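Asker: Just so you know, the sequences run in chain order A and B.
First residue of the first sequence: 2, per this note's numbering; consecutive thereafter.
First residue of the second sequence: 7, per this note's numbering; consecutive thereafter.
Let me begin by handing over the structure; questions about it come next.
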Amino acid sequence: MCAELLPERVTLDEWGYPILDGSPLPPELVAHARHAADACPTLALLLEREDR
Amino acid sequence: MSLLPRLLAGVDEVSNGDLRSHLEAAAALPELGRWAPDRLIEEIERSGLRGRGGAAFPVARKMRAVAARRGPTVLVGNGTEGEPASGKDRLLLTELPHLVLDGAAVAARAVGADTAIIAFAETDEVIARSLRRAVDERRRSRPGEEPRYELRAVDGGFVSGQESALVNSLSGGEPKPAFRARPFECGVRRRPTLVQNVETLAHLALIVRHGASWYRQAGTAADPGSTLVTLSGAVASLGVFEIEHGAPLADLLASAGQTEKLAAVLIGGYFGSWLPARAIPQLRLSPTQLAEHGVGLGAGAIVALGRSVCPVAEISRVAEYFAAESAGQCGPCVNGLAAIAATMRQIASGTAPPAARPNLERWSNSLAGRGACQFPDGATRFVASALRVFADDFEDHLRHGPCQDCSAPAVLPVPLAMA
Numbered sequence: 002m003c004a005e006l007l008p009e010r011v012t013l014d015e016w017g018y019p020i021l022d023g024s025p026l027p028p029e030l031v032a033h034a035r036h037a038a039d040a041c042p043t044l045a046l047l048l049e050r051e052d053r
Numbered sequence: 007m008s009l010l011p012r013l014l015a016g017v018d019e020v021s022n023g024d025l026r027s028h029l030e031a032a033a034a035l036p037e038l039g040r041w042a043p044d045r046l047i048e049e050i051e052r053s054g055l056r057g058r059g060g061a062a063f064p065v066a067r068k069m070r071a072v073a074a075r076r077g078p079t080v081l082v083g084n085g086t087e088g089e090p091a092s093g094k095d096r097l098l099l100t101e102l103p104h105l106v107l108d109g110a111a112v113a114a115r116a117v118g119a120d121t122a123i124i125a126f127a128e129t130d131e132v133i134a135r136s137l138r139r140a141v142d143e144r145r146r147s148r149p150g151e152e153p154r155y156e157l158r159a160v161d162g163g164f165v166s167g168q169e170s171a172l173v174n175s176l177s178g179g180e181p182k183p184a185f186r187a188r189p190f191e192c193g194v195r196r197r198p199t200l201v202q203n204v205e206t207l208a209h210l211a212l213i214v215r216h217g218a219s220w221y222r223q224a225g226t227a228a229d230p231g232s233t234l235v236t237l238s239g240a241v242a243s244l245g246v247f248e249i250e251h252g253a254p255l256a257d258l259l260a261s262a263g264q265t266e267k268l269a270a271v272l273i274g275g276y277f278g279s280w281l282p283a284r285a286i287p288q289l290r291l292s293p294t295q296l297a298e299h300g301v302g303l304g305a306g307a308i309v310a311l312g313r314s315v316c317p318v319a320e321i322s323r324v325a326e327y328f329a330a331e332s333a334g335q336c337g338p339c340v341n342g343l344a345a346i347a348a349t350m351r352q353i354a355s356g357t358a359p360p361a362a363r364p365n366l367e368r369w370s371n372s373l374a375g376r377g378a379c380q381f382p383d384g385a386t387r388f389v390a391s392a393l394r395v396f397a398d399d400f401e402d403h404l405r406h407g408p409c410q411d412c413s414a415p416a417v418l419p420v421p422l423a424m425a
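What follows is the structure in structure tokens.
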């Protein structure tokens with residue numbers, strides 16, 4: 002599900018589990034990333050604020 | 007004059023782990039009531055003591071994190087020693103239980119804990135008896151001076167001794183790691199909990215007697231003190247040795263008596279990595295010096311692999327063990343380690359498809375950081391280093407199948423899973 006919501010940063014491995022690109026998100030992707038994290042049924046995704 | 011033994015000074019032919027032998031070897035524990043907890047933590051900070059469970063986290067920093075919290079705190083001495091190639095914690099708990107309990111009393115004082123839980127593998131009756139006797143002796147001779155000791159026999163699997171898994175287990179839950187756990191805030195029975203390996207506690211018992219400067223006289227400036235290592239494989243004297251941090255591996259092997267030419271050495275046990283035998287002359291056993299070679303000391307388990315052993319058979323066995331020891335909580339770990347084990351089995355039997363090696367490389371590099379704990383990170387580090395160091399042997403088995411040494415007796419210990 003997260004790969005569908007945020008294909009720019011999430012790909013799936015051969016077992017269907019997410020491989021995350023952890024690079025910082027550009028502003029236009031933040032809302033999508035939050036949606037993806039909220040939608041995870043096991044709360045496995047974490048959105049972290051990076052302090053400048 | 008040798009600075010050693012320190013921890014192991016109390017172990018000899020006549021000692022039997024009782025309180026009297028302990029007091030003869032180590033002298034009495036200073037009255038802890040006279041040490042303000044802050045002062046105690048300062049001394050421990052000056053010593054530079056780091057944990058001996060494998061993560062080498064600075065002890066004083068951990069203590070401060072727990073001591074800063076409100077409410078009653080808990081001390082846990084972790085003696086579960088799930089690493090199969092390690093025997094140092096078992097040695098301490100069976101031969102020097104009072105040294106460990108002294109250290110537990112020190113750590114409890116430092117963080118204001120009234121309870122000290124000593125956790126050990128439930129299958130180990132010898133440790134259970136040793137600890138029960140030691141606690142009884144202390145209760146009789148030092149009433150009112152000690153924390154309340156709780157002896158807890160817990161699951162002894164590889165992952166069960168991980169800090170959050172142990173805390174879960176002690177709180178009545180499953181022995182499985184928790185995601186983003188903070189035991190120093192919310193640990194056993196939801197209280198702020200300090201978890202320290204039993205060897206770390208043993209060092210505390212001596213630091214409070216002899217001081218931080220004494221501790222720093224041994225070892226190196228970056229890694230002060232002495233430490234316990236477990237040596238196995240192609241050596242005449244298997245077992246636990248006390249060394250100063252920075253001791254050359256070659257010296258350790260020489261004093262243990264190498265029994266054959268070595269192909270490779272495993273540093274850091276199953277949570278560590280392989281290095282080829284030609285690297286041995288450069289290796290000095292301290293976390294900082296080993297880091298220059300890309301390896302970690304971990305909990306000090308070292309295996310010397312002789313040339314007469316088939317590395318493919320050995321690694322394949324350990325890969326199966328890893329797959330069986332997954333807590334089963336995270337997809338990448340469960341699936342990845344199973345795939346690695348199955349492919350290793352194929353290579354060992356000469357039935358592997360051409361994609362076997364590339365697959366193994368890919369899986370070894372894609373599981374780290376994707377689980378609730380570092381188990382898949384450690385397992386893949388072990389496998390990746392084996393694929394590098396034993397590349398020729400793997401290629402050989404892929405092409406030609408089992409070799410003459412495949413069915414030789416196993417060197418790397420793999421505990422049988424309880425059904």
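Backbone N, C-alpha and C fix where the C-beta goes; we use that ideal spot for every residue, glycine too.
It should be emphasised that the depicted structure is a prediction, and the values quoted were computed from it without experimental measurement.
Give a yes or no on whether 8 Å exceeds the smallest Cβ distance from V341 (chain B) to chain A.
Answerer: Checking the sequence shown, residue 341 (chain B) turns out to be Asn, not Val. At least one chain A Cβ lies under 8 Å of N341 (chain B).
Asker: Secondary structure at E331 (chain B), three-state DSSP: helix, strand or coil?
Answerer: helix
Asker: To the nearest angstrom, how far is the alpha carbon of A425 (chain B) from that of L81 (chain B)?
Answerer: The predicted model places A425 (chain B) with a pLDDT of 36, which falls under 50 and marks its position as unreliable; any figure quoted below should be read in that light. The straight-line gap separating the alpha-carbon atoms of A425 (chain B) and L81 (chain B) is approximately 32 Å.
Asker: Beta carbons nearer than 9 Å to chain B: which residues of the segment 8-21 of chain A have them?
Answerer: D14, E15, W16, G17, Y18, P19, I20 and L21
Asker: Could you tell me which residues DSSP puts in a beta bridge with W280 (chain B)?
Answerer: W280 (chain B) is bridged to B:L272.
Asker: Quick check: what's the CA-CA separation for A119 (chain B) versus V309 (chain B)?
Answerer: 38 Å
Asker: Could you say which of B:V340, B:P36, B:E401 and B:G231 lies nearest to A361 (chain B) if we only look at CA atoms?
Answerer: Comparing Cα positions, the closest option is B:E401.
Asker: Helix, strand or coil: how does DSSP classify G83 (chain B) here?
Answerer: strand
Asker: At the level of alpha carbons, what is the spacing between L399 (chain B) and E169 (chain B)?
Answerer: In the sequence under discussion, the amino acid at residue 399 (chain B) is Asp, which differs from the Leu named in the question. Taking the straight line from one Cα to the other gives about 36 Å.
Asker: For P338 (chain B), return the contacting residues in chain A, with the cut-off set at a CB-CB distance below 7 Å.
Answerer: D14 and Y18
Asker: When burial is assigned at 16 or more other CB atoms within 10 Å of the CB, is P189 (chain B) buried or exposed?
Answerer: Buried.
Asker: Rounded to whole angstroms, what is the Cα-Cα separation between S177 (chain B) and L207 (chain B)?
Answerer: Note on geometry: alpha-carbon atoms of S177 (chain B) and L207 (chain B) lie some 22 Å from one another.
Asker: Quick test of your reading: E250 (chain B) and S232 (chain B), contact by CB under 8 Å. State the CB separation rounded to the nearest angstrom.
Answerer: About 5 Å separates the CB atoms of E250 (chain B) and S232 (chain B); that is less than 8 Å, so the two are in contact.
Asker: Is S372 (chain B) close to chain A? Criterion is C-beta to C-beta, closer than 8 Å.
Answerer: At least one beta carbon of chain A lies nearer than 8 Å to the beta carbon of S372 (chain B).
Asker: For G342 (chain B) versus L393 (chain B), is the C-beta spacing smaller than 8 Å?
Answerer: No, the pair does not count as a contact, with Cβ atoms beyond the cut-off.
Asker: Assign T233 (chain B) to one of three DSSP states: helix, strand, or coil.
Answerer: Secondary structure at T233 (chain B): strand, using DSSP grouped into helix, strand and coil.
Asker: Would you mind listing the alpha helix (DSSP H) stretches within the segment 43-121 of chain B that are 4+ residues and don't spill past its ends, in chain order?
Answerer: 43-53, 65-73, 94-101 and 103-117
Asker: Can you round the beta-carbon distance between L7 (chain A) and H33 (chain A) to whole angstroms, since I take them to be within the 8 Å contact cut?
Answerer: 5 Å
Asker: With I346 (chain B) as the anchor, note down where its alpha helix (DSSP H) starts and where it stops.
Answerer: G337 to S355
Asker: What do you get for G39 (chain B), buried or exposed, if any count of 16 or more other CB atoms within 10 angstroms of its CB means buried?
Answerer: exposed
Asker: Can you name, in chain order, every residue of its own chain whose Cβ lies under 7 Å from the Cβ of P282 (chain B), other than the five neighbours on each side?
Answerer: A270 and V395
Asker: Between which residues of its own chain and R215 (chain B) is the CB-CB distance below 6 Å, once the five residues before and five after are set aside?
Answerer: none
Asker: Please report the Cβ distance between T100 (chain B) and G23 (chain B), rounded to the nearest whole angstrom; I am assuming they are in contact, meaning their Cβ atoms lie under 8 Å.
Answerer: About 7 Å separates the CB atoms of T100 (chain B) and G23 (chain B); that is less than 8 Å, so the two are in contact.
Asker: Can you say whether L9 (chain B) is buried or exposed, counting buried as having 16 or more other CB atoms within 10 angstroms of its CB?
Answerer: Under a 10 Å Cβ-count criterion, L9 (chain B) is classified as exposed, with fewer than 16 other Cβ atoms of the shown protein chains found around its own Cβ.
Asker: Which one of B:D18, B:R115 and B:P419 has the shortest CA to CA distance from E37 (chain B)?
Answerer: B:R115
Asker: How close, in whole Å, do the beta carbons of T236 (chain B) and G312 (chain B) come, if the pair is a contact with beta carbons under 8 Å?
Answerer: The Cβ separation is near 17 Å, so there is no contact.
Asker: Return the CA-CA distance between V287 (chain B) and I20 (chain A), expressed in angstroms with no decimal places.
Answerer: Looking at the sequence shown, residue 287 (chain B) is not Val but Pro. The alpha-carbon of P287 (chain B) is positioned some 40 Å away from that of I20 (chain A).
Asker: Using 8 Å as the threshold, is the C-beta distance between P183 (chain B) and V201 (chain B) below it?
Answerer: no
Asker: When the distance is taken between beta carbons, is M2 (chain A) closer than 8 Å to A45 (chain A)?
Answerer: no
Asker: In angstroms, rounded to a whole number, what distance separates the CA positions of E367 (chain B) and G93 (chain B)?
Answerer: 31 Å
Asker: Around the Cβ of A242 (chain B), are there at least 16 other Cβ atoms within 10 angstroms (buried) or fewer (exposed)?
Answerer: exposed
Asker: Assess contact between the segment 313-332 of chain B and the segment 296-305 of chain B, defined as three or more Cβ pairs (one per stretch) separated by less than 8 Å. Is contact present?
Answerer: no
Asker: Secondary structure at L418 (chain B), three-state DSSP: helix, strand or coil?
Answerer: In the structure shown, L418 (chain B) sits in coil (DSSP, three-state: anything other than H, G, I, E or B).
Asker: For L422 (chain B) versus R323 (chain B), is the C-beta distance shorter than 8 Å?
Answerer: no
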